[in-house]
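Some notes on the structure that comes next.
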Amino acid sequence: MSIERVACDIIRVLGLNPGPMTLQGTNTYILGTGARRILVDTGDGQHPAYHGLLATALGPNSRISQILLTHWHHDHTGGLATLPESLLTLDHTVHKRQHPYIAALRGSKDIKDGELFATEHRQWRAVLTPGHTPDHVAFFDAENAVLITGDLVLGQGTTIVGDLAPYMRSLQRVIDLEPRILLPGHGPVVTANAVKHVEEYVSHRRMREKQILEVLADTSNEDGSGWWTVEEITAVVYPLVKDPRVFRAASNNVKLHLYKLKDDGRITCEDSAGGAVRWAIIAC
Ligand SMILES: [Zn+2]
Numbered sequence: 000m001s002i003e004r005v006a007c008d009i010i011r012v013l014g015l016n017p018g019p020m021t022l023q024g025t026n027t028y029i030l031g032t033g034a035r036r037i038l039v040d041t042g043d044g045q046h047p048a049y050h051g052l053l054a055t056a057l058g059p060n061s062r063i064s065q066i067l068l069t070h071w072h073h074d075h076t077g078g079l080a081t082l083p084e085s086l087l088t089l090d091h092t093v094h095k096r097q098h099p100y101i102a103a104l105r106g107s108k109d110i111k112d113g114e115l116f117a118t119e120h121r122q123w124r125a126v127l128t129p130g131h132t133p134d135h136v137a138f139f140d141a142e143n144a145v146l147i148t149g150d151l152v153l154g155q156g157t158t159i160v161g162d163l164a165p166y167m168r169s170l171q172r173v174i175d176l177e178p179r180i181l182l183p184g185h186g187p188v189v190t191a192n193a194v195k196h197v198e199e200y201v202s203h204r205r206m207r208e209k210q211i212l213e214v215l216a217d218t219s220n221e222d223g224s225g226w227w228t229v230e231e232i233t234a235v236v237y238p239l240v241k242d243p244r245v246f247r248a249a250s251n252n253v254k255l256h257l258y259k260l261k262d263d264g265r266i267t268c269e270d271s272a273g274g275a276v277r278w279a280i281i282a283c
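As structure tokens, this is what we get:
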């Protein structure tokens with residue numbers, strides 16, 4: 000279903016960009032009931048039929064007056080440039096968290112933690128949730144415990160993580176909000192066991208971390224030294240992965256965990272003279 004009414008004042012509109020990374024496409028959300036609505040995320044801008052969906056969802060008497068962007072990824076912000084003026088109010092504003100490492104979107108306003116965006120029946124509070132990307136923001140309606148999650152957690156499957164330590168902190172921050180309903184950037188809306196859904200993302204990462212520590216505690220690698228390369232660790236943790244592309248993605252994931260564990264002071268690495276970086280556990 001390309002247009003789904005989630006609540007009387009929340010409409011999910013699919014970005015029409017399905018793919019292996021986007022599941023059935025990017026979810027965008029129209030918030031509010033009046034003439035002036037909020038649009039959260041904009042799709043990738045490659046699918047003009049999306050504009051027809053937006054027009055249908057808005058109806059003849061309302062336009063978008065505020066655009067909130069959860070993070071810079073193209074499938075969330077790419078549609079901004081091509082949104083037809085007929086769907087926007089003349090004074091519409093664009094809001095995105097600014098970050099020193101990410102090029103600012105022209106004309107967009109920074110989003111501060113805790114900033115409120117109001118619709119007729121709800122107050123959406125910005126919750127800074129870095130990790131998927133450094134500029135990631137979720138939006139929380141505390142009164143009804145509804146959370147717009149962006150790509151922090153998806154409706155199904157796991158998400159790509161850019162930096163694991165802040166990502167884990169963001170998951171915990173969201174769990175502490177005790178949301179009842181999750182409106183994710185991809186995949187179905189989560190209406191049951193929302194906190195458990197987020198907790199599963201935490202336990203999935205903890206399980207990987209434990210596995211990696213177990214590998215590093217083992218000295219039976221190739222040279223018996225207890226120093227492991229990322230590839231060696233990946234081969235043990237993901238024994239069934241043979242496809243080189245999937246293996247590369249898996250070793251990137253392992254690498255994220257290694258950097259986090261190093262930050263935590265639990266493992267160390269050495270640069271073996273031009274060869275691959277090798278990792279070892281710090282004995283306690
Ligand atoms: Zn993303």
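Numbering follows numbering that gives the first Met the number 0, with no gaps: position 181 of the sequence shown is 180. The C-beta atom is built at its ideal place from N, Cα and C for all residues, glycine as well. Quick caveat, the model's predicted, so the values are computed rather than measured.
- For THR55, the uninterrupted alpha helix (DSSP H) run begins and ends at 48-57, by DSSP.
- Distances from the alpha-carbon of GLN97 to those of HIS91, LEU89 and GLY106 put GLY106 closest.
- Residue pairing from DSSP places ALA125 in a beta bridge opposite PHE138.
- The segment 141-169 is shown to contain no whole alpha helix (DSSP H) run of 4 or more residues.
- Inter-residue distance for ARG247 and ARG124 is about 37 Å (C-alpha atoms, whole angstroms).
- In the structure shown, the three-state DSSP call for ARG265 is coil.
- Residue pairing from DSSP places GLU3 in a beta bridge opposite ARG11.
- Within the segment 167-201, the complete beta strand (DSSP E) segments at least 3 residues long are 180-183, listed from N- to C-terminus.
- Annotation for ASP74: the continuous alpha helix (DSSP H) segment containing it runs 73-76.
- Note on geometry: alpha-carbon atoms of MET167 and HIS196 lie some 14 Å from one another.
- Taking 8 Å as the cut-off, the Cβ atoms of ILE174 and VAL194 count as close.
- Between THR32 and GLU119, the C-beta gap is smaller than 8 Å, which places the two residues in contact.
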